[in-house]
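Each remark here refers to the structure printed beneath this line.
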Amino acid sequence: MNLLNLFTKTFENKKPEKAEASSHWVKCKSCHSLMYYKEVENQNYVCPKCGYHIRIGVKERIALLCDEGTFVEHDASLEPVDPLKFVDKKPYKKRIEEGEAKTGRKSSVVAGSCKMNDVPVQLVIFDFAFMGGSLGSVEGEKIVRAVNRAIENREGLIILSASGGARMQESTFSLLQMSKTSAALARLSNEKLPFISVLTDPTMGGVSASFANLGDIIIAEPGALIGFAGARVIEQTIGAELPEGFQRAEFLLEKGSIDMIVNRNELKKTLADMLALLTNNK
0 MNLLNLFTKT
10 FENKKPEKAE
20 ASSHWVKCKS
30 CHSLMYYKEV
40 ENQNYVCPKC
50 GYHIRIGVKE
60 RIALLCDEGT
70 FVEHDASLEP
80 VDPLKFVDKK
90 PYKKRIEEGE
100 AKTGRKSSVV
110 AGSCKMNDVP
120 VQLVIFDFAF
130 MGGSLGSVEG
140 EKIVRAVNRA
150 IENREGLIIL
160 SASGGARMQE
170 STFSLLQMSK
180 TSAALARLSN
190 EKLPFISVLT
200 DPTMGGVSAS
210 FANLGDIIIA
220 EPGALIGFAG
230 ARVIEQTIGA
240 ELPEGFQRAE
250 FLLEKGSIDM
260 IVNRNELKKT
270 LADMLALLTN
280 NK
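Going by numbering that gives the first Met the number 0, the sequence shown opens with residue 0, and the numbers climb by one from there.
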């Protein structure tokens with residue numbers, strides 16, 4: 000045996016240590032406080048210092064609102080096509096593939112049935128992580144099918160919006176979803192069944208210009224950005240400076256555009272109470 004081997008440490012077979020897990024600390028974008036991640040998570044991602052509502056995904060929304068084990072997803076197999084063969088900086092198909100890889104879903108909408116404090120409801124949730132929660136043909140179809148299930152089961156409908164607006168890659172096909180979903184909600188109204196619209200940060204463009212503002216009750220999360228065009232575009236168009244807080248939930252409540260602002264931690268109880276009241280008096 001080579002004596003050198005007795006005194007030489009070899010590290011060839013030693014596996015490198017795993018990189019440290021993601022930071023256990025979160026910095027609030029509003030008050031800039033540094034907080035322990037678990038503390039924020041236990042508050043449903045609401046800053047315990049200033050009440051700022053951090054954006055959350057579909058999984059967190061379902062856990063927050065639905066009674067445990069009651070959520071059943073519908074129409075998960077629906078996926079968008081590319082009828083226009085649209086290409087901007089990337090082909091539309093590539094963007095869809097990236098969205099699916101990022102979220103594990105085929106569209107920006109998750110629709111399903113669940114119970115909230117034992118009250119049955121049809122629930123639609125937008126996922127901003129999938130192409131900015133944009134409204135396309137599949138998203139519109141999922142909303143219409145959710146309306147149909149609500150009518151069939153005599154249940155209420157809740158839509159949680161988080162979207163940049165209509166999906167430009169589908170052009171007119173996307174814009175048609177605004178009228179399609181609005182017509183479906185008119186049928187729901189004719190059946191005397193409630194539609195509660197929850198506006199989260201952000202709710203913009205064609206989504207805010209259609210079904211998001213057609214709710215029998217319109218609720219917003221604190222500080223949510225809500226509007227059609229961006230503030231800069233509006234200022235350039237009208238040639239005037241916009242008031243402070245323009246397009247934020249608090250400003251819209253003051254002007255009567257929405258009905259109430261509800262803290263995320265109180266949202267489930269508020270929605271369940273409203274559903275129980277409205278469906279019992281249909």
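Beta carbons are placed, not taken as given, at the ideal position from N, Cα and C, and that holds for glycine.
- Annotated three-state conformation of G238 is coil, per DSSP.
- Counting along the chain, no alpha helix (DSSP H) covers T199; the unbroken beta strand (DSSP E) around it starts and ends at F194 to T202.
- Sequence-distant partners of P79 (beyond 5 residues in either direction) whose C-beta falls short of 7 Å from its own C-beta, in its chain, are I95, S106, G135, S136 and V137.
- DSSP, read as helix, strand or coil, puts V80 in coil.
- The beta carbon of H23 sits closer than 7 Å to those of Y35 and Y36, all from its chain and outside the five residues before and after it, given in chain order.
- E72: member of the beta strand (DSSP E) spanning V71 to H73, first to last residue.
- Taking C-beta atoms under 8 Å as the contact rule, I257 and I195 fail to qualify, at a distance of about 12 Å.
- Among the bridge pairs identified by DSSP, Q176 is matched with none.
- According to the DSSP assignment, K26 belongs to no alpha helix (DSSP H) but to the beta strand (DSSP E) extending over W24 to K26.
- Measuring C-alpha to C-alpha distances from M167 to each of N212, L159 and F85 identifies F85 as the nearest.
- Here DSSP, grouped into helix, strand and coil, assigns S106 to coil.
- Here the alpha carbons of R153 and F210 stand approximately 20 Å from one another.
- H31 and R263 have their C-alpha atoms spaced approximately 20 Å apart.
- Spanning the alpha carbons of A271 and N116 requires a straight line of approximately 6 Å.
- In this structure, V123 sits near I158, with a CB-CB distance shorter than 7 Å.
- Between S133 and G163, the gap from beta carbon to beta carbon is short of 7 Å.
- Pairing L224 with V143, the inter-Cα distance amounts to about 25 Å.
- Annotated three-state conformation of Y35 is strand, per DSSP.
- The C-beta distance from S112 to V57 rounds to 15 Å, too long to fall under 8 Å, and the pair is not in contact.
- Annotation for F227: no alpha helix (DSSP H) segment contains it, and DSSP assigns it neither H nor E.
- With respect to L174, A185 sits apart: the two C-beta atoms are not nearer than 7 Å.
- Spanning the alpha carbons of G204 and G226 requires a straight line of approximately 7 Å.
- In the three-state reduction of the DSSP assignment, G135 falls in the coil class.
- Using a 10 angstroms sphere on the CB of R231, the tally of other CB atoms stays under 16, which defines it as exposed.
- For D126, the CB contacts under 8 Å within the same chain, skipping 5 residues up- and downstream, are G56, V57, T102, R104, S107, V108, V109, G132 and A161 in chain order.
- Boundaries of the beta strand (DSSP E) harbouring F125: V118 to F125, taken from the DSSP string.
- Straight through space, the alpha carbons of G139 and E169 are spaced by roughly 12 Å.
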